[in-house]
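Residue numbers (this note's numbering): 1 to 106. Beta carbons: idealized from backbone N, C-alpha and C, even for Gly. Quick caveat: nothing in here was measured; it's all calculated off a predicted structure. For reference, the structure is listed below as structure tokens.
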């Protein structure tokens, strides 16, 4: 966690790094276990991966983040991922002055 900046709000711990191997692998480390809710963002990933360990190309200029919720449990976690992706997509799209072709990887 050497180059990771930490910000704390009411119930959230937010970590931002210039470069990580993978936000998904990083957020599973013991140093994040005591946090209630954690958002971990990187400007770049060197070993990003998706579902089924598919390689994920992590170019600078994209948004790479993982979220760990310790205060919310649901048997249908995939629905939460899907809805979160839709909300992020709609939010980003609302700020763009010129429509771009982008997508959310969940």
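Separation of residue j from residue i, as counted between CA atoms
i: residue 102; j: residue 32; result: 30 Å
i: residue 13; j: residue 41; result: 11 Å
i: residue 69; j: residue 44; result: 23 Å
i: residue 76; j: residue 92; result: 25 Å
i: residue 90; j: residue 98; result: 14 Å
i: residue 96; j: residue 59; result: 20 Å
Proximity to residue i [Cα-Cα], best of the options
i: residue 37; options: 11, 86, 65; result: 11
i: residue 61; options: 19, 7, 9; result: 19
i: residue 55; options: 89, 24, 96; result: 24
i: residue 26; options: 64, 84, 59; result: 64
i: residue 67; options: 95, 53, 84, 6; result: 84
Close beta carbons around residue i, own chain, < 6 Å, minus the five adjacent residues each side
i: residue 4; result: 15, 17
Residues near residue i in its chain [Cβ-Cβ closer than 7 Å; skip 5 each side]
i: residue 21; result: 45, 46, 47
i: residue 100; result: none
i: residue 86; result: none
Collapsed DSSP secondary structure at residue i in the structure displayed
i: residue 103; result: coil
i: residue 39; result: strand
i: residue 76; result: coil
i: residue 83; result: helix
Contacts around residue i, its chain only, beta-carbon distance under 8 Å, and the 5 residues preceding and following it disregarded
i: residue 8; result: 14
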